[in-house]
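See below for the structure under consideration.
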Amino acid sequence: MSDADIDDDFDDDFVDDDDAKIVEEAETSVRTRLSSLEKRRLIDNLLEEKRLARELKDDLDDFDEDDDDWDDDI
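So in the numbering used here, spot 26 of the sequence shown is number 39, and the numbers just go up one at a time.
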């Protein structure tokens with residue numbers, strides 16, 4: 014095996030390492046983005062639940078049980 018063959022083998026390894034780093038960085042970026050989207054979705058759901066609960070509470074506060082034709086004093 015000549016020295017040129019040995020050098021060629023090492024060059025390929027470095028290219029693979031660079032490619033592996035690029036792929037790893039891309040995967041990390043995608044995971045971070047997905048995590049951020051998931052967090053945002055959970056926050057949106059929580060805010061919607063709070064809004065609905067507040068709306069329901071307001072509706073119940075405005076509800077008049079005596080708004081009928083029956084005399085409740087009997």
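Beta carbons: idealized from backbone N, C-alpha and C, even for Gly.
Computed from a predicted structure; not experimentally measured.
Next on the checklist: Between the alpha carbons of THR45 and LYS52, how many angstroms are there, rounded?
Outcome noted: 10 Å
Checklist entry - How many Å lie between ASP30 and THR41 at the Cα? => result 16 Å
Next on the checklist: Excluding the 5 residues flanking MET14 on each side, which residues of the same chain have their C-beta closer than 6 Å to its C-beta?
Outcome noted: Model confidence at MET14 stands at a pLDDT of 49, short of 50, so the residue's coordinates are unreliable and nothing is read from them.
Item to check | GLU37 versus LEU50 - alpha carbon distance | outcome: 20 Å
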